[in-house]
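Student: Numbering (our numbering), first residue to last: -17 to 72.
One structure follows; several queries about it will come next.
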Amino acid sequence: MHSSLIGKIQKADFYSQEPERVDVEEFAATFRGDHDTYRVSFHEGRWKCTCEFFVEWDVCSHVIATQRLLGPITPVEAASRQSESQPALI
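Following this line, the structure appears as structure tokens:
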């Protein structure tokens, strides 16, 4: 293996131990739920999902599951940044 690549892999390992280095600004994914496939996204500081439950409640199991899967690099909604007293969904 080329020595330059070894150095990049080592640096990536170091970076991955510090998730605070990453600020996710946009995210989009396809989520295969039990009943249908949905589009989960984070754009302009807001989470969105194409399921009917999200339209009414502004949260759903697909968004919550995605946040949990993303773990420490989960984007935070703009409104949540202003109010630290708001409970996290993850």
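Where is the CB? At the ideal position from N, CA and C, for every residue including glycine.
Here the structure is a predicted model, which is why all the values come from computation and not from measurement.
With distance defined between alpha-carbon atoms, name the residue in F(-4), S(-2), V22 nearest to S43.
Tutor: The option with the nearest alpha carbon to S43 is V22.
Student: Measuring alpha carbon to alpha carbon, tell me which of S(-14), K30, G15 ends up nearest P57.
Tutor: If we check each option's Cα against that of P57, K30 comes out closest.
Student: Are E8 and H25 closer than 8 Å when you measure CB to CB?
Tutor: Yes; because the gap between Cβ atoms is below 8 Å, this pair is in contact.
Student: If we require 3 or more residues per run, which beta strand (DSSP E) segments fall completely within the region -14 to 53?
Tutor: Counting whole runs of 3 or more residues, the region -14 to 53 contains the beta strand (DSSP E) stretches 9 to 14, 19 to 25, 28 to 31.
Student: Quick check on F13: buried or exposed, where buried means 16 or more other Cβ atoms within 10 Å of its Cβ?
Tutor: Classification for F13: buried.
Student: Below 6 Å CB to CB, which residues in the same chain sit around F35 once its five sequence neighbours on both sides are set aside?
Tutor: The answer, listed in chain order, is C42.
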